[in-house]
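Asks: Quick one: structure below, then a few questions.
Numbering (my numbering), first residue to last: 4 to 556.
Pasting the structure below:
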């Protein structure tokens, strides 16, 4: 057996070296381009994924699939859904899929207990939502809730906020207004407190551990506002105007939240994978249970597709393989997310966390170094805004990138007559820009027509590989399917790279150092004798601490 057959990565590197001498212009406009483009476009219900502008051939996909086979992707996919401890560092399963599993569908045996727990909590969530919407659950003074302040950070904030922004416009009905607070400096919380009535505000505290400093300090300030605004103590507020969501019921008990107002999600559901769980309660409070359940249904449909579809036709698998090809074999260090729909403005930061916190690692589960680059730097913005910000660098700068363009084919009619016509013109312009930029990323100067050549300066680098993801419409179901597709992409890449995507040890040390520095600043402001609190005494930090003491005095 030859070396290529023994080592799929060796064969892929050799193949990548041969493709480096070609260009996307050759692949898209040369011989056989139509059949290649057709083979590289796949669909899942109303979701279309076009890989034709990637620097690859059908042979590339065959080699990538062989690599996935050699890594045991299919067996590890079975282990994931069977509830085996795929999160090796914490010796636990990763069962975010259980939070969206339909109650009337049999779950894999190892997942069944978690599906049952999530189903029970979803029923409790629905009951709390009904109480708020009907006015049966009221605040301290007996007034009905008009606003929900959702306090969380990371996965406890980004997912619900994204869904709220997307579906808030799509659904056309809000039962209450939802406000999302995450920044530890209070800059998001202050305008909320200035504009809302404390007597009609419900606070949702969303934290898996219920100990995260960012969330804890925001909650403390919010409780002080609710207490002062209504002339009551914190215990009374917690009894009537706080809803807790956590994996630690004992922490919610200590905080003073009654069991009736507590929602649980399992330890096996990671924070950045948790929007499907009780963490999504603010979405249901704001928009109702129907869109929340449709979101879960779309995600579950993608779960089934990921489980049952052969690797060569499997959208999350192909998305993961193509991304790994760009990062590891074409040596492209960063990946752009470019949604051409303003409702998806929070998709880039959501996927930043999902991908970089999951796969931003250089060691395997046993601590051994990974001998290649893993996750790319993920960044982006709403496409039409990005065109006026960083596209200049992408088109004519020195940096090589890959990209996902995400577009929505249509949305419900807005207005009538001239208003409707004007809005449809805007939709067409947005879609035209998406396709034009995708083409220019790929072709560079070759995209300039003879008609434009005399008036257009050359220097568009091109050859920037990109995928176009097209949604027929942006509704709850399609959003669920889209997000679940990216979740499974992350898992696929973790298998290829031999890393654990379900822990985040690199996040924790900074939090511990910040706690000690916080105490040092507190000592200084209280007049206590300053203490190092075990801080490394580097000259730069010491200097900054002294400046802060002086400026805050």
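Cβ atoms here follow ideal geometry from the backbone N, Cα and C, with glycine treated the same way. Quick caveat: nothing in here was measured; it's all calculated off a predicted structure.
Within 10 angstroms of its Cβ, does residue 469 collect 16 or more other Cβ (buried), or is it exposed?
Replies: Buried, by the Cβ-count rule.
Asks: For the stretch 404-481, list the beta strand (DSSP E) runs that are entirely contained and at least 3 residues long, ordered along the chain.
Replies: Listed in chain order, they are 404-411, 469-474.
Asks: Note down, in chain order, each residue of its chain lying with its Cβ closer than 6 Å to the Cβ of residue 337, except the 5 sequence neighbours on either side.
Replies: Same-chain partners within the cutoff: 379, 380, 404.
Asks: Below 9 Å between beta carbons: does that hold for residue 314 and residue 77?
Replies: Yes. Within cutoff.
Asks: Can you look up residue 44 in the DSSP assignment and give me helix, strand or coil?
Replies: Strand, per DSSP.
Asks: How is residue 57 classed by DSSP in three states: helix, strand or coil?
Replies: It is coil, neither helix nor strand.
Asks: Note down the Cα distance separating residue 447 from residue 362, rounded to an integer number of angstroms.
Replies: So the alpha carbons of these two residues sit roughly 31 Å apart.
Asks: Measure the C-alpha to C-alpha separation of residue 89 and residue 96 and round it to an integer number of angstroms.
Replies: C-alpha separation (whole angstroms): 5 Å.
Asks: So does the stretch 326-343 actually touch the stretch 397-415, counting three or more Cβ pairs closer than 8 Å?
Replies: They touch, by the three-pair rule.
Asks: What residue range does the beta strand (DSSP E) around residue 185 cover?
Replies: Taken as a continuous stretch (DSSP letters only), residue 185 belongs to no beta strand (DSSP E), as it is neither H nor E.
Asks: Residue 222: which of 233, 205, 235, 234 sits nearest, CA to CA?
Replies: Among 233, 205, 235, 234, the Cα nearest to that of residue 222 belongs to 205.
Asks: Go through its chain and collect everything with a Cβ distance to residue 111's Cβ below 6 Å, but skip five positions before and after it.
Replies: If we look at residue 111 and ignore the five residues flanking it on each side, its Cβ neighbours are 84, 85.
Asks: Which residue or residues does DSSP assign as beta-bridge partners of residue 372?
Replies: Looking at the DSSP assignment, residue 372 forms a beta bridge with 366.
Asks: Can you look up residue 402 in the DSSP assignment and give me helix, strand or coil?
Replies: Residue 402 falls in the coil class under three-state DSSP.
Asks: Should residue 489 and residue 296 be called a contact, given that it needs their Cβ atoms to be closer than 9 Å?
Replies: No, the pair does not count as a contact, with Cβ atoms beyond the cut-off.
Asks: Do you know whose CA, among 123, 441, 113, lies nearest residue 106's CA?
Replies: Measuring from the Cα of residue 106, the nearest candidate turns out to be 123.
Asks: Here's the rule: buried if 16 or more other CB atoms are within 10 angstroms of the residue's CB, otherwise exposed. What is residue 391?
Replies: By the 10 Å Cβ count, residue 391 comes out exposed.
Asks: One question on the structure: do residue 461 and residue 347 come within less than 9 Å of each other, judged by their Cβ atoms?
Replies: Going by C-beta atoms, residue 461 is not nearer than 9 Å to residue 347.
Asks: Do residue 409 and residue 343 come within 9 Å of each other at the CB atom, strictly closer than that value?
Replies: The answer is yes: Cβ separation under 9 Å.
Asks: Out of 244, 349, 370, which one is the CA nearest neighbour of residue 382?
Replies: Of the candidates 244, 349, 370, the one whose C-alpha sits nearest the C-alpha of residue 382 is 349.
Asks: Can you tell me the Cα-Cα spacing of residue 15 and residue 58, whole angstroms?
Replies: Their backbone Cα atoms lie some 13 Å apart in a straight line.
Asks: Just the Cα atoms here: how many angstroms apart are residue 226 and residue 237?
Replies: Looking at the two C-alpha atoms, the distance is approximately 6 Å.
Asks: Counting only runs that start and end within the stretch 212-275, where is the alpha helix (DSSP H) found for 4 or more residues in a row?
Replies: Correct list: 216-233, 237-244, 252-258.
Asks: Which residue's Cα is closest to the Cα of residue 364: 509, 232, 264, 187?
Replies: Looking at the Cα atoms, 509 is the closest of the given residues.
Asks: For residue 302 versus residue 101, is the C-beta distance shorter than 9 Å?
Replies: The answer is no: Cβ separation not under 9 Å.
Asks: For residue 249, tell me which candidate among 280, 425, 360, 372 has the shortest Cα-Cα distance.
Replies: Considering only alpha carbons, the answer is 280.
Asks: Residue 478: which of 20, 145, 171 sits nearest, CA to CA?
Replies: Closest option to residue 478, Cα to Cα, is 171.
Asks: Distance check for residue 117 and residue 466, CA to CA, integer angstroms please.
Replies: Straight-line Cα distance between these residues: approximately 46 Å.
Asks: Does DSSP put residue 284 in a helix, a strand or coil?
Replies: In this structure, residue 284 counts as helix in the three-state DSSP scheme.
Asks: Threshold first: 3 residues or longer. Then list the beta strand (DSSP E) segments lying entirely within the stretch 80-146, N to C.
Replies: Entirely contained in the stretch 80-146, not one beta strand (DSSP E) run reaches 3 residues.
Asks: With a 10 Å radius around its C-beta and 16 neighbouring C-beta atoms as the bar for buried, classify residue 55 as buried or exposed.
Replies: Buried, because 16 or more other Cβ atoms sit within 10 Å of the Cβ of residue 55.
Asks: Exposed or buried, what is residue 454 when buried is set at 16 or more other beta-carbons lying within 10 Å of its beta-carbon?
Replies: Answer is exposed; the Cβ neighbour count stays below 16.
Asks: Roughly how many whole angstroms lie between the Cα atoms of residue 146 and residue 244?
Replies: Those two C-alpha atoms are separated by around 11 Å.
Asks: Measuring only the C-alpha atoms, how far is residue 516 from residue 523?
Replies: Those two C-alpha atoms are separated by around 11 Å.
Asks: Alpha carbon to alpha carbon, how far is residue 267 from residue 143? Give it in angstroms, no decimals.
Replies: If you take the alpha carbons of residue 143 and residue 267, they lie about 24 Å apart.
Asks: Can you check DSSP and say which residues form a bridge with residue 557?
Replies: The displayed coordinates of the chain run from 4 to 556. Any statement about residue 557 would go beyond what the structure contains.
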